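A.B. asks:
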Amino acid sequence: MDPVRKNLEALIAARGESYSGLSELIGRNSAYIHQFIRRGTPRKLSENDRRILAKYFGISEELLGGPAPCASVERRPQRMCSVPVLPLGASAGAGAIDPVEQPSSSISFDDRWLRQLGVRPGRVSIIRVEGDSMTPTLCDGDEIMIDHDDGAERLREGLYVFRMDGVLMVKRLTLGPRRGQLCVSSDNPTYPRWPDVALDQMIIVGRVVWFARQLRRR
15 MDPVRKNLEA LIAARGESYS GLSELIGRNS AYIHQFIRRG TPRKLSENDR
65 RILAKYFGIS EELLGGPAPC ASVERRPQRM CSVPVLPLGA SAGAGAIDPV
115 EQPSSSISFD DRWLRQLGVR PGRVSIIRVE GDSMTPTLCD GDEIMIDHDD
165 GAERLREGLY VFRMDGVLMV KRLTLGPRRG QLCVSSDNPT YPRWPDVALD
215 QMIIVGRVVW FARQLRRR
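Residue numbers (our numbering): 15 to 232.
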């Protein structure tokens, strides 16, 4: 029996735990830990299983096959990416005419943070919300980040910026009962919803993935 299996077996015995109980703790079938220790399958614990068990027993992951605490991966220097801020107002109200899309400024974000957000640096931009139809989710003056990769081909339920009849808007889109049909709605219940808008009537700019709001003094 290899050291990792011996360590885990000793911890189980010392704490009076059961194989099945620990298997359930990590979301596995009841025989999983027994098979790991006694039959050698799987060959090693997954990173998530190891993390949960190490935290439960209050030990270093190294005892369960993880990397040594001091053998950390060399840190990559922080890389900042500039996200363009466009002088556009996406209407959350009656509608805003879309001017020329030339960046007026930019904001720097950590490359890794953007990727954790699920977007590709270079494929996002920031614009301003105008109007109150999306309150309380989005308010007038909020700055929203748009993922331009998340367009018509990947359409799903969420907040989207789109152009329709030359007007730039931010609304909540949901898929309609028929293919190519969308329901366009506002989070503010005082505004009407459009239950049957054809996808080919609009140009999807991208999905809203993040927003910033200035705190105002009362």
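We put the CB at the ideal spot given by N, CA and C, even for glycine.
Note that the structure is predicted; figures quoted are calculated from it, not measured.
1. Between Gly190 and Asp214, is the Cβ-Cβ spacing less than 8 Å?
2. Report the three-state DSSP secondary structure of Ser120 (helix, strand or coil).
3. What does the alpha-carbon distance come out to for the pair Thr188 and Gly172?
4. How far does the alpha helix (DSSP H) with Ile51 in it extend, from its first residue to its last?
5. Only counting the same chain, and skipping five residues up and downstream in sequence, which positions put a Cβ closer than 8 Å to that of Met148?
6. Nearest CA to the CA of Ile26: which residue from Asn43, Val222 and Ala68?
7. Across which residues does DSSP place Pro98 in a beta bridge pair?
8. Helix, strand or coil: how does DSSP classify Gln92 here?
9. State the DSSP-derived secondary structure class of Ile40, mapped to helix, strand or coil.
10. Could you check what DSSP says for Gln228 in three-state terms: helix, strand or coil?
11. Please name the residue in Cys197, Gly220 and Ile217 whose C-alpha comes closest to that of Pro209.
12. Cα separation between Val143 and Arg192?
13. Since Ser120 contacts Val97 with CB under 8 Å, what's their CB separation in whole angstroms?
14. Can you tell me whether DSSP reads Ala27 as helix, strand or coil?
15. How close, in whole Å, do the beta carbons of Val99 and Ile140 come, if the pair is a contact with beta carbons under 8 Å?
C.D. replies: Walking through what the data contain:
1. Position 176 of the sequence shown, counted from the start, is the residue given in the question as residue 190. Position 200 of the sequence shown, counted from the start, is the residue given in the question as residue 214. Not closer than 8 Å, so no.
2. To locate residue 120, count along the sequence shown from 1; it is residue 106. Reduced to three states, the DSSP call for Ser120 is strand.
3. Indexing the sequence shown from 1 puts residue 188 at position 174. Indexing the sequence shown from 1 puts residue 172 at position 158. The alpha-carbon of Thr188 is positioned some 7 Å away from that of Gly172.
4. Here residue 51 corresponds to residue number 37 of the sequence shown, with the count starting at 1. No alpha helix (DSSP H) contains Ile51, which DSSP labels as neither H nor E.
5. Here the question's residue 148 lines up with position 134 in the sequence shown. Its chain contains Ala106, Leu173, Val184, Lys185, Arg186, Ser200, Asp201 and Asn202 as the residues whose beta carbon lies nearer than 8 Å to that of Met148, once the 5 sequence neighbours on both sides are disregarded; these appear in chain order.
6. Walking along the sequence shown from the start, residue 26 turns up at place 12. It is Ala68 whose Cα lies nearest to the Cα of Ile26.
7. On the sequence shown, residue 98 is found 84 positions in, with the first residue counted as 1. DSSP lists Ser120 as partners of Pro98.
8. The residue given as residue 92 occupies position 78 in the sequence shown. It is coil, neither helix nor strand.
9. The residue labelled residue 40 in the question sits at position 26 within the sequence shown. Ile40 falls in the coil class under three-state DSSP.
10. Locating residue 228 in the sequence shown gives position 214, counting from the first residue. Three-state DSSP puts Gln228 in coil, outside helix and strand.
11. Taking the first residue of the sequence shown as position 1, residue 209 is located at position 195. Taking only the C-alpha atoms, the option nearest Pro209 is Cys197.
12. In the sequence shown, counting from the first residue as 1, residue 143 sits at position 129. In the sequence shown, counting from the first residue as 1, residue 192 sits at position 178. Each residue's CA atom was taken as its position, placing Val143 and Arg192 some 30 Å apart.
13. Start at 1 with the first residue of the sequence shown, and residue 120 comes out as number 106. Start at 1 with the first residue of the sequence shown, and residue 97 comes out as number 83. About 6 Å; that satisfies the 8 Å criterion.
14. Along the sequence shown, one-based indexing puts residue 27 at 13. DSSP places Ala27 within a helical segment (H, G or I) once states are collapsed to three.
15. The sequence position of residue 99 within the sequence shown is 85, counting from 1. The sequence position of residue 140 within the sequence shown is 126, counting from 1. Ile140 and Val99 do touch by the CB rule: their CB atoms are close to 5 Å apart, below 8 Å.
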